[in-house]
Amino acid sequence: MKRFAISSFAFVVGMNALAQEPATPASTTPEETIVPTYETQKLARAYVLNIPAPRGQIVDRNGAPLAQNRLSYNLAFNFPTPLEFGDPEALKFTREKIQAAEKLLARSIKISDDLILRHYRNRGILPFEIAQNLTDAQHDQLKGKLPAGMLLRPIYVRVYPNGRTAGHIIGYSGKTGRNPDGIIDNHEVLWPDTEGRDGLEQTFNTMLSGQHGEYKITFDQDGRKTSEKIVTPPVPGYTVVTTLDIRLQELAEKALEAKAKRGAIVIIEPNSGDILAMASWPTYNPNAFVPAISAEKFKELQDDPNIPLLPRAFRSSYPPGSVFKVAVGIAALESGIRPDDQYD
0 MKRFAISSFA FVVGMNALAQ EPATPASTTP EETIVPTYET QKLARAYVLN IPAPRGQIVD
60 RNGAPLAQNR LSYNLAFNFP TPLEFGDPEA LKFTREKIQA AEKLLARSIK ISDDLILRHY
120 RNRGILPFEI AQNLTDAQHD QLKGKLPAGM LLRPIYVRVY PNGRTAGHII GYSGKTGRNP
180 DGIIDNHEVL WPDTEGRDGL EQTFNTMLSG QHGEYKITFD QDGRKTSEKI VTPPVPGYTV
240 VTTLDIRLQE LAEKALEAKA KRGAIVIIEP NSGDILAMAS WPTYNPNAFV PAISAEKFKE
300 LQDDPNIPLL PRAFRSSYPP GSVFKVAVGI AALESGIRPD DQYD
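Heads up: the sequence shown begins at 0 in numbering that gives the first Met the number 0, then just goes up one per residue.
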């Protein structure tokens, strides 16, 4: 597999990364463009929609994962085609599916009539999601028990397996927007993409994002869905390999937690200049931002007087102290001064 180096000096003092190149997607035959209006939606014979790609991993120098994807599931159902329900029938059909889902999940599901009708009128050919981010245990519980027309849609959820460790360096990601609810446009994404919002997630967002796949839905002349298939699978994003050693990073953060109210530690490999650890304290857990952070939690982080969102190791200014003696010593040696020279 081809590999190439990426310089990340602009992000942090000498942080380097490697990227692993994914395979090039197969070419596909161009599809006819469909202008998205209510009438053309009813008459359309085919739609090609984009499938968001799994986001690439971020790993430490030894391959230990710092940011990766977890498979999750959304519970959804299909409306019968052709779409001939009036509003009362669409609501009744949906409420029956929601009641069935509530019994299976043993919890209540709140969805407004307005949201149901907007989906049916504009996007009724696509599955309507009624429960998101189901766990593997819930998936196993529901598998084989779903009523006709209901399905479990697999999705990828970003996860940070080390919790708060290296949180400032990795950063976090979020959805590019809310789920679309307007008239379907050809080649729109099936669900919102994930984008980097801070740290390495943001710095290498383009490389981590991958390439969309294509999903085709076809209908007969009466508007009945006849097939749906993946035309081109999505291509996962690059894997970004950092110079960090997650074990040293964890030790540095624990030392700060035990001895300092606020502070930073940077550990550098002297021969290569690689950053092995770059800890700031206090820190935060990027998992709090997945799938989205609550307003209350974000305000709590912002109002904390110790400013846990601030990466002190590379966004704060400190007097160099004795660390600068190294630079002075190097300058002296380069100018011809020897270690055994004496001066009055």
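Glycine is no exception: its CB is placed at the ideal position from the N, C-alpha and C atoms.
Classify residue i as helix, strand or coil using the three-state DSSP reduction.
i    : result
N286 : helix
N204 : helix
E128 : strand
E333 : helix
A259 : coil
Q56  : coil
L48  : strand
N161 : coil
S321 : helix
T93  : helix
N121 : helix
E227 : strand
I274 : strand
G176 : coil
E213 : strand
L116 : helix
F297 : helix
F313 : helix
A326 : helix
Q67  : strand
I154 : strand
G264 : Reading off the sequence shown, one finds Ile at residue 264, where the question assumed Gly. The answer is strand: DSSP assigns I264 an E or B state.
Taking the beta carbon of residue i as the centre, do at least 16 other beta carbons fall within 10 Å, making it buried, or is it exposed?
i    : result
K96  : buried
P338 : exposed
E333 : exposed
Q56  : buried
D302 : exposed
R117 : exposed
T241 : buried
L275 : buried
V47  : buried
G195 : buried
L150 : exposed
T202 : buried
I336 : exposed
Can you give me the Cβ contacts of residue i inside the same chain, cut-off strictly under 6 Å, excluding the 5 residues immediately before and after it?
i    : result
G262 : L255 and W280
N49  : H186, V188 and H211
L141 : L103
Assuming residue i and residue j are in contact, meaning their beta carbons sit under 8 Å apart, how far apart are those beta carbons, in whole angstroms?
i    : j    : result
P235 : G212 : Not really, about 10 Å apart at Cβ, beyond 8 Å.
N68  : P126 : Not confirmed; about 21 Å, so no contact.
P285 : Y171 : 4 Å
D180 : R94  : Their Cβ separation, rounded to whole angstroms, is 19 Å, which puts D180 and R94 out of contact at 8 Å.
Y237 : M206 : 4 Å
Out of the options, which one is the CA nearest neighbour of residue i?
i    : options                   : result
D112 : A89, I267 and D343        : A89
A287 : P191, L308 and M277       : L308
N61  : K324, P338, L243 and D273 : L243
A278 : L300, F297 and E249       : E249
Y317 : Y283, P269, D302 and I264 : I264
L133 : N73, L145 and L300        : N73
A312 : D219, A251 and K102       : A251
R223 : D59, G55, L65 and P79     : P79
N305 : A326, A259 and P319       : A259
P160 : A63, I115, K144 and M149  : A63
K253 : A165, I108, N270 and S226 : A165
D139 : L103, I169 and R157       : L103
V230 : P153, A130, K215 and A66  : K215
A45  : A331, L199, I266 and D184 : D184
Kindly list the residues whose CB is nearer than 7 Å to the CB of residue i, restricted to its own chain and excluding five residues on each side of it in sequence; keep chain order.
i    : result
L300 : Y283, P307 and L308
R163 : T282, Y283 and N284
P153 : L70 and Y72
Which same chain residues end up closer than 8 Å to residue i when comparing Cβ atoms and leaving out the 5 residues on each side of it in sequence?
i    : result
R177 : P191
V158 : A66, Q67, N68, R69, N286 and V289
A130 : N73, L74, A100, L104 and I108
K228 : Y214 and K215
P128 : Note that residue 128 is Glu in the sequence shown here, rather than Pro. Same-chain partners within the cutoff: N73, L74, A75, R152 and N178.
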